Each structure stands twice: as structure tokens, then as C-alpha cells.
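Asks: The structure follows.
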Amino acid sequence: MKTLFLAIAMAFPGTFLSASAPTTTERGMVYICNSKSARAYHASSDCRGLNRCNYDPEQVSESTAERRGLRPCKICY
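For the sequence shown, counting from 1, position 68 maps to 221 in my numbering; every step adds exactly one.
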């Protein structure tokens, strides 16, 4: 029985691993400040760099943030 289980587990790797919900960066979504002076995008809306933003943060794709000239935040990346 143990051999059968091992054979099935090896045939389908990852099937028996617990799956967690993807983070924003795994889905490609990041947070940005809508300020003209913003320079970085953030992995989390809780980042202290984003907490300094006086505007409403916006969730956008990472590629959109890069097209706007933003770089990854040095705090949360």
C-alpha cells in the first residue's frame, strides 16, 4: 500500500502539497500611489512606503506600474 501511494505521489507531484492563495505579486498585481512624485510600486497595501502616500493607493498590474516608470519598492521587495 505504501508503495502504491509513493508511486501515485511521484506520478503527480504537487497534487499532495497544500496550496495557498496566491499573493498579489504572484498574480501580477501591485499597489501604487497616485501621486505624480511616486517612484515605486509595492507588493502589499500595508507597506510603510505606501503608507506615506497622501493619495488613494491604486491596485494595478506590475507591467502597468513599470510602464509608468515605477520601480519595485526597496522596503517590500
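Every residue gets a Cβ at the ideal spot worked out from N, C-alpha and C, and that includes glycine.
None of these values were measured; they are calculated from a predicted model.
Give every residue of the same chain whose Cβ lies closer than 7 Å to the Cβ of Ile228, excluding the five residues on either side of it in the sequence, and list them in chain order.
Replies: Walking along the sequence shown from the start, residue 228 turns up at place 75. If we look at Ile228 and ignore the five residues flanking it on each side, its Cβ neighbours are Cys200, Arg201 and Gly202.
Asks: DSSP three-state label for Arg224, please.
Replies: Residue 224 sits at position 71 when you count from the first residue of the sequence shown. Note: Arg224 maps to strand in three-state DSSP.
Asks: Could you give the distance in angstroms between the alpha-carbon of Asn187 and the alpha-carbon of Ile161?
Replies: Residue numbering aside, residue 187 sits at position 34 when the sequence shown is read from its first letter. Residue numbering aside, residue 161 sits at position 8 when the sequence shown is read from its first letter. Roughly 50 Å between the two C-alpha positions.
Asks: To the nearest whole angstrom, what separates the beta carbons of Ser197 and Tyr184, a pair I think is in contact under 8 Å?
Replies: To locate residue 197, count along the sequence shown from 1; it is residue 44. To locate residue 184, count along the sequence shown from 1; it is residue 31. The Cβ separation is near 7 Å, so the contact holds.
Asks: Can you tell me which of Gly222, Lys189, Cys226 and Val213 puts its alpha carbon nearest to the alpha carbon of Met182?
Replies: Looking up residue 182 in the sequence shown gives position 29. Among Gly222, Lys189, Cys226 and Val213, the Cα nearest to that of Met182 belongs to Val213.
Asks: In three-state terms, what does DSSP make of Phe165?
Replies: Taking the sequence shown and counting its residues from 1, the one referred to as residue 165 is at position 12. Three-state result, Phe165: coil.
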